[in-house]
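Counting from 960, one number per residue, gives the positions in the sequence shown under our numbering.
A virtual CB, placed ideally from N, CA and C, is assigned to each residue, including glycine.
Here's the structure, in structure tokens; my notes come after.
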Amino acid sequence: MTPAIDLLKKAKAEHQVHSYHHDPKAPSYGLEAAEKLGLEPARVFKTLLAASDKGELLVAVVPVAGTLDLKALAQAAGVKKADMADPAAAQRATGYLLGGISPLGQKKRLRTFIDESAQQQSSIYVSAGRRGLEVELAAAVLAQLTQALFAPIGRI
960 MTPAIDLLKK AKAEHQVHSY HHDPKAPSYG LEAAEKLGLE PARVFKTLLA
1010 ASDKGELLVA VVPVAGTLDL KALAQAAGVK KADMADPAAA QRATGYLLGG
1060 ISPLGQKKRL RTFIDESAQQ QSSIYVSAGR RGLEVELAAA VLAQLTQALF
1110 APIGRI
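Rendered as structure tokens:
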């Protein structure tokens, strides 16, 4: 299993694990997950890492059909500016490979922000820590386990 799934089991959090055959040539891992699992993209969220102007890594969880609004993330985090994090730094801090970064079970606890649209869904899907593996859970459960804040950080 993955650290994300181990965390969910240890916390006795209600969740379901879904797997699919991952195609390494897929242009978007998140949209691939939605398509292969037969889900509307608004329910599938990608985990992105940004770096603040102070060098702090921030976790952003946004719908796969949209993009991360870096200005909105910076505002939510109370920093002047945020840019996408260096991929190597993201992998080191989380312990996950790009395309399989889960907001759960990361090596270091990073401040996490979830796009507020997640609250409109009965459940959402996020990476379970490996390409081709998704976990379904309530947005409130994800926020509780990651100590995340909901904020309008996604753009469609």
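Neighbourhood of G1091 by C-beta distance below 7 Å, restricted to the same chain and skipping five residues each side = S978, Y979, H980, H981
task = Specify whether the region 1036-1052 and the region 1007-1021 touch according to this definition: at least 3 beta carbon pairs, one from each stretch, less than 8 Å apart.
result = yes
key: Inter-residue spacing [alpha-carbon to alpha-carbon] between A1087 and P962   = 8 Å
inquiry  = Does G1014 pass the burial test, meaning 16 or more other C-beta atoms within 10 Å, or should it be called exposed?
reply    = exposed
query = Do K1067 and A1052 come within 7 Å of each other at the CB atom, strictly closer than that value?
reply = yes
task = Could you pull out every residue in the same chain whose Cβ sits closer than 6 Å to the Cβ of L967, ignoring the five residues on either side in sequence?
result = H974
ask   = Span of the beta strand (DSSP E) holding E1095?
value = 1092-1096
query = Within the present structure, is the beta-carbon of D1074 separated from the nearest heavy atom of the ligand PLP by less than 6 Å?
reply = The ligand PLP is not part of the structure shown, which contains no ligands of any sort.
task = Mind checking who K1005 pairs with in its DSSP beta bridge?
result = V1021
ask   = What residues are listed by DSSP as bridge partners for A1010?
value = L1016, D1042
query = The alpha helix (DSSP H) with I1083 in it runs from where to where?
reply = Element bounds for I1083: not the alpha helix (DSSP H) but the beta strand (DSSP E), 1083-1089.
request  = Identify the continuous alpha helix (DSSP H) that holds A1124 and give its terminal residues.
outcome  = The question about residue 1124 has no answer, for the chain in this structure spans 960 to 1115.
ask   = Using the beta-carbon count (16 or more within 10 Å), is L1096 buried or exposed?
value = buried
inquiry  = In the DSSP output, what is G1113 paired with across the bridge?
reply    = L1027
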